[in-house]
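Position one of the sequence shown corresponds to residue -14 (this note's numbering), numbered consecutively onward.
Step one of this worksheet: look at the structure below.
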Amino acid sequence: MTCYQIYKAAPRIVPGRSDRAWMDNTDQRFAYRCLPLTTANSMGWDVLCPSGVRAEWNGGNNLGDIKVEVDEPAWREGQLVSSHFGHGILTFQLGYLFRTEPGIGIWARGAPNLVKDGIAPLDGIIETDWIPFTFTMNWLFTRPGAVEFKKDEPFCFLTMIGYRQLENVEPEILRLDDAPEIRDQFNACRDSRNKFNAALKEHDPETAKEGWQKWYFRGEPPKGEPSPHHTSKIKLTAPKSKISDRAD
-14 MTCYQIYKAA PRIVPGRSDR AWMDNTDQRF AYRCLPLTTA NSMGWDVLCP SGVRAEWNGG
46 NNLGDIKVEV DEPAWREGQL VSSHFGHGIL TFQLGYLFRT EPGIGIWARG APNLVKDGIA
106 PLDGIIETDW IPFTFTMNWL FTRPGAVEFK KDEPFCFLTM IGYRQLENVE PEILRLDDAP
166 EIRDQFNACR DSRNKFNAAL KEHDPETAKE GWQKWYFRGE PPKGEPSPHH TSKIKLTAPK
226 SKISDRAD
């Protein structure tokens, strides 16, 4: 992914973080036991707000029905955020033209599993392998009222998608019994889970000490060989600036 910076200043792009405040606040941080959650959280890059932003929508459909305030003077001329479409849509400018490998596009969305009250992110899939223009990140107010984006809060999440490859996928529906090996693995997982939960309910000391089953985290199913494709942590590379210090 190449990020061509259009202006002298642009929002920072950083690898997505696996942590979330609401996950921190769960009992014993149990939400982090859900590997699909933490994997999704870090499966892309966060675009960070370079300034605090406050926006208020009165419920109308006109451009002027959203009032925007930006803390940093350098970002107050609509270069970062504005009411561009009306209808309660808040529009952020990313400040980059992106280019990806042939067949690969960018899926622009809100940071996964990061809930924001009063406003929701709108997803977009962009053919960044050829389009010679920018795109915006848009948020839709869910009700009239005010919202705030803090400085360094992610306002956009970028992940890759082979947008033409899905056309070649032919989903099939089969009975589980048609795949005996997968069926046996499933039954082993189900039986192991049921046995573990029953032992927890009975306050079995060893089970209570273990706390929760970790075979998925380890990529080691109760029946069968460990997965050679398993990963428990995604580590992405931060963009490296190759912009020279020459005067424009």
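Just so you know, even glycine gets a beta-carbon here, dropped at the ideal spot from N, CA and C.
Predicted model only: the values in this text are computed from it and were never measured.
Exercise. Leaving out five residues on either side along the sequence, give the residues of the same chain with a beta carbon under 8 angstroms from the beta carbon of GLU157.
Key: Stepping through the sequence shown from its first residue, residue 157 is reached at position 172. If we look at GLU157 and ignore the five residues flanking it on each side, it has no Cβ neighbours.
Quiz item: In this structure, what does DSSP give as the bridge partners for SER67?
Solution: The residue you call residue 67 lines up with position 82 of the sequence shown. Answer is THR76.
Exercise. Give the range of the alpha helix (DSSP H) segment to which TRP7 is assigned.
Key: Numbered from 1 along the sequence shown, position 22 holds the residue referred to as residue 7. Where TRP7 is concerned, the enclosing alpha helix (DSSP H) stretches over 6 to 9.
Quiz item: From HIS216 to MET28, what distance separates their C-alpha atoms?
Solution: Counted from its first residue, the sequence shown places residue 216 at position 231. Counted from its first residue, the sequence shown places residue 28 at position 43. First, the amino acid is wrong: residue 216 is Thr here, not His. Distance between the alpha carbons of THR216 and MET28: 12 angstroms.
Quiz item: Between the stretch 63 to 83 and the stretch 118 to 128, are three or more C-beta pairs nearer than 8 angstroms?
Solution: yes
Quiz prompt | Cβ pair count under 8 angstroms reaching 3, the stretch 180 to 194 against the stretch 158 to 172 | solution = no
Quiz prompt | First and last residue of the uninterrupted beta strand (DSSP E) at ALA193 | solution = Sequence index remark: in the sequence shown, residue 193 carries index 208 (1-based). Unbroken run through ALA193 is the alpha helix (DSSP H), 190 to 195; no beta strand (DSSP E).
Practice problem: For ARG46, count neighbouring Cβ atoms within 10 angstroms of its own Cβ and tell me buried if that reaches 16, exposed if not. | Solution: Indexing the sequence shown from 1 puts residue 46 at position 61. Reading off the sequence, residue 46 comes out as Asn, not Arg. Label assigned to ASN46: exposed.
Exercise. Mind checking who CYS141 pairs with in its DSSP beta bridge?
Key: In the sequence shown, residue 141 corresponds to position 156, counting from 1. Answer is VAL32, bridged to CYS141.
Practice problem: Take PRO211 as the anchor and find which of LYS218, LEU221 and TRP200 has the nearest alpha-carbon. | Solution: Here the question's residue 211 lines up with position 226 in the sequence shown. Comparing Cα positions, the closest option is TRP200.
Quiz item: Does the distance from the CB of CYS141 to the CB of VAL32 come in under 8 angstroms?
Solution: Translated into positions along the sequence shown, residue 141 becomes position 156. Translated into positions along the sequence shown, residue 32 becomes position 47. Yes, these two residues count as a Cβ contact at 8 angstroms.
Quiz item: How big is the Cα-Cα spacing for TYR(-11) and GLY1?
Solution: Stepping through the sequence shown from its first residue, residue -11 is reached at position 4. Stepping through the sequence shown from its first residue, residue 1 is reached at position 16. Roughly 20 angstroms separates the two Cα atoms.
Quiz item: Taking one C-beta from the stretch 99 to 111 and one from the stretch -10 to -3 each time, how about it: are there three or more such pairs within less than 8 angstroms?
Solution: no
Quiz item: What residue does the beta strand (DSSP E) around THR235 start on, and which one ends it?
Solution: In this structure the chain extends from -14 to 233, so residue 235 is not present and cannot be described.
Quiz prompt | Min CB distance ALA184 to chain D below 8 angstroms | solution = Note that chain D does not occur in the displayed structure, where there is just one protein chain.
Quiz item: Do three or more CB pairs link the stretch 83 to 94 to the stretch 51 to 71 at distances below 8 angstroms?
Solution: no
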